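For the sequence shown, the numbering used here assigns the number 6 to the initial residue and increments by one for each residue that follows.
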Amino acid sequence: MYSIKASIDDGPEKISEKARRLFKAGGFASCFKENDFTAVKVHVGEDGNTTHVKASYIRGLVNELLELNTKPFVTDTTTLYVGRRHNAVDHAILAKEHGFCLEGLGIPFIAPDGLSGTA
């Protein structure tokens, strides 16, 4: 487990850069080969939630993976309880609303457990 000290007061750019520096300092680039499918597991947050890790905070990490010519995607599993993370379609829409998408990060969101969360 690696972590960085970050505060909301740091702002998204500084937090993103801290994550990028941690990736480099940890030597994680050696774990990946060109064209590796690379999951970036996040919690996209619930509808109306404001305390999840923001997409902008992981942008530096995503950029590192893109520079390594991997095929990164952001992912989060669906939930058993009914809500916007219960199926892949609503989950992808929620992920986009929170910036976890091609437009927000330059990589797609993929729910790994199928359309209905049963795969």
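Don't be surprised by glycine CBs; every beta carbon is placed ideally from N, CA and C. Remember, it's a predicted structure, so these values are computed and weren't measured experimentally.
Can you list, in chain order, the stretches of the beta strand (DSSP E) that have 3 or more residues and sit fully within the region 39 to 115? 42 to 46 and 76 to 80
Sort I9, V47 and C36 by Cα distance to L110 and report the nearest one. Here the closest residue by C-alpha is V47.
Hey, L107 and V49 are a contact pair by Cβ (cut 8 Å); roughly how many whole angstroms apart? With 8 Å as the limit, L107 and V49 do not qualify as a contact, their Cβ atoms being about 14 Å apart.
Please name the residue in L73, G122 and A116 whose C-alpha comes closest to that of G32. L73
Buried or exposed (CB count within 10 angstroms, at least 16 for buried), S21: buried
Please state whether DSSP places D118 in a helix, a strand or coil. Correct three-state label for D118: coil.
Helix, strand or coil: which one does DSSP assign to A11? coil
Who are the near neighbours of H96 in its chain, counting only those whose CB is closer than 6 Å to its CB and skipping five residues on each side? T83, R90 and A116
Taking the alpha carbon of M6 as the point to measure from, which residue in D14, F28, S12 and E18 has its own alpha carbon closest? F28
Taking the alpha-carbon of K101 as reference, which of F78, E18, G122 and G16 has the nearest alpha-carbon? For K101, the nearest C-alpha among the options comes from F78.
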